[in-house]
Amino acid sequence: MEAILGGALAALCWAASVMSSSRGAKLIGAWPMLGGVMLVGFAVCLPVIAATGLGPNPTTGQIGLLVAAGISNIVGLLFAYAALRVGKVAVVAPILSTEGALGALIAILAGEALAAGTAILLAIIAAGVMLTAAETEAVEATIGALEGPDQRAITLRAALLATAAALFFGVNLYVTGRIGVELPIAWAVIPARLAGVTLVALPLLATSRLTVTREALPFVVTAGVLEVVGLAAFALGARGSIAIASVIASQFAAIAALVSVALFDERLARHQLAGVTIIASGVALLTALQA
11 MEAILGGALA ALCWAASVMS SSRGAKLIGA WPMLGGVMLV GFAVCLPVIA
61 ATGLGPNPTT GQIGLLVAAG ISNIVGLLFA YAALRVGKVA VVAPILSTEG
111 ALGALIAILA GEALAAGTAI LLAIIAAGVM LTAAETEAVE ATIGALEGPD
161 QRAITLRAAL LATAAALFFG VNLYVTGRIG VELPIAWAVI PARLAGVTLV
211 ALPLLATSRL TVTREALPFV VTAGVLEVVG LAAFALGARG SIAIASVIAS
261 QFAAIAALVS VALFDERLAR HQLAGVTIIA SGVALLTALQ A
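First residue of the sequence shown: 11, per this note's numbering; consecutive thereafter.
In C-alpha cells form, the structure reads like this:
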C-alpha cells in the first residue's frame with residue numbers, strides 16, 4: 011500500500027507539474043524554466059532540511075547514487091522542458107510516462123522478479139510510444155492544412171526530446187528509489203536541486219539569462235514546488251517497492267494528456283490518440299499486475 015499511495019501522489023504532482031512546465035517553457039524557454047524550477051525547489055528544501063537534518067553521512071556508494079540522481083534529474087528535466095516547448099503535452103507526456111516502465115525494468119534487473127505478463131506489457135507500452143510519436147503521410151495530409159507543413163518535423167523533434175528525457179528519468183526513478191530506501195527522504199530531493207542551482211541557475215543569473223516574466227512566474231513556482239513534493243512522495247513509496255511506485259507514478263501522463271486536450275485546445279490525430287490510449291492502458295495494467 012505504501013508504494014501505491016506514494017506513487018499515486020507523485021502522479022498527481024507530476025501531472026500538474028508537466029502542464030505548468032509546458033506553459034512556462036513556451037513563455038521563457040527550457041533553460042530559464044529549468045533554472046527557475048531548481049531555485050524554487052531548493053528554496054522549498056532548505057527549511058525542511060533545517061528542521062529535520064540530513065541524518066548520518068552517506069557512504070561512498072550512496073554518494074554515487076546521489077550524484078547519479080542529481081545529474082539524471084536535471085538533464086531529464088531539460089530535455090522534458092525542451093520537448094514541452096515545441097510539442098503537445100498530450101504527445102510528450104505519454105512518452106515521458108515510460109520512465110515508470112524503465113525504472114521498474116531497472117529495478118527488476120537489479121533483483122526484482124520479472125513475470126512474463128510484465129514483459130508483454132512493457133512491449134505494449136513501447137509500441138504505444140512509437141505510435142504516439144509517429145505522423146504518417148496520410149495523417150499529415152489530413153491535418154496539414156490546419157497545423158502547417160512543419161508539424162511532422164515538430165512532432166518528431168518533441169518525441170525524440172521526450173524519449174531522451176524518459177531515459178534519464180527512468181534512471182532517476184531507480185536511483186531515487188534506492189536513496190529513499192537507504193537514506194532520509196531529504197537526500198532524495200536535494201541532489202538535483204543543488205546541482206541545478208549550481209550548474210544551471212547561477213550561471214544563467216551570472217550571464218543575465220535567467221529571465222522569468224511575470225506571466226511565467228506562477229508556472230515556474232508551481233512546477234518547482236510540485237517536482238519536489240512528487241519526488242519526495244515517490245521516494246516514500248519506493249520504500250515499499252521501487253517497481254510498483256515507478257509504474258503507478260508514471261500514470262501522470264494520462265492525467266496530463268487528457269487535461270491538456272480539454273484546457274489547452276490541443277488536437278491529436280487518430281493514431282496518436284490510439285497511442286495515448288495504449289500507453290495509458292498499458293501503464294494501468296502494469297500497475298495492477300505489479301500490485
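Yeah, the Cβ is synthetic: ideal placement off N, Cα and C, and Gly gets one too. Just so you know, these numbers come straight off a predicted model, no measurement behind them.
Legend entry - Given LEU76 as reference, the closest of PRO194, ALA266, GLU225 and ILE135 once Cα atoms are compared: PRO194
Legend entry - Touching by the beta-carbon criterion (3+ pairs, under 8 Å), the segment 111-127 and the segment 247-259: With a cut-off of 8 Å, the segment 247-259 and the segment 111-127 count as touching, because enough Cβ pairs lie within range.
Legend entry - GLY74: first and last residue of the uninterrupted alpha helix (DSSP H) it sits in: Membership of GLY74 in the alpha helix (DSSP H) is indicated by the continuous run 70-96.
Inset, instruction - Give me the Cα-Cα distance between VAL293 and ILE38, rounded to the nearest whole angstrom. - result: A direct Cα-Cα distance of roughly 32 Å separates VAL293 from ILE38.
Legend entry - Contact under 8 Å by Cβ, ALA93 with ALA163: no
Legend entry - Check whether ALA168 and VAL230 have beta carbons under 8 Å apart: no
Inset, instruction - Could you check what DSSP says for MET11 in three-state terms: helix, strand or coil? - result: coil
Inset, instruction - Measure the CB-CB distance between GLY187 and ALA248 and report whether it falls below 8 Å. - result: yes
Inset, instruction - Could you have a look at GLN261 and say whether DSSP puts it in helix, strand or coil? - result: Look at GLN261 here: in three-state DSSP terms it is coil, with no helix or strand label.
Inset, instruction - Leaving out five residues on either side along the sequence, give the residues of the same chain with a beta carbon under 8 Å from the beta carbon of THR146. - result: A caution first: THR146 carries a pLDDT of 46, below 50, which makes its placement in the model unreliable, though a value can still be read off. Cβ neighbours of THR146 beyond the five flanking positions: HIS281.
Inset, instruction - List the whole-angstrom C-beta distance separating ILE134 from ILE288, where the pair is believed to meet the contact cut-off of C-beta under 8 Å. - result: 6 Å
Legend entry - Secondary structure of GLY39, DSSP reduced to three states: coil
Legend entry - Delimiting residues of the alpha helix (DSSP H) encompassing ASN182: 161-192
Inset, instruction - Report the option in ALA290, ALA211, GLU192 and ALA263 whose CA atom is closest to the CA atom of SER27. - result: ALA263
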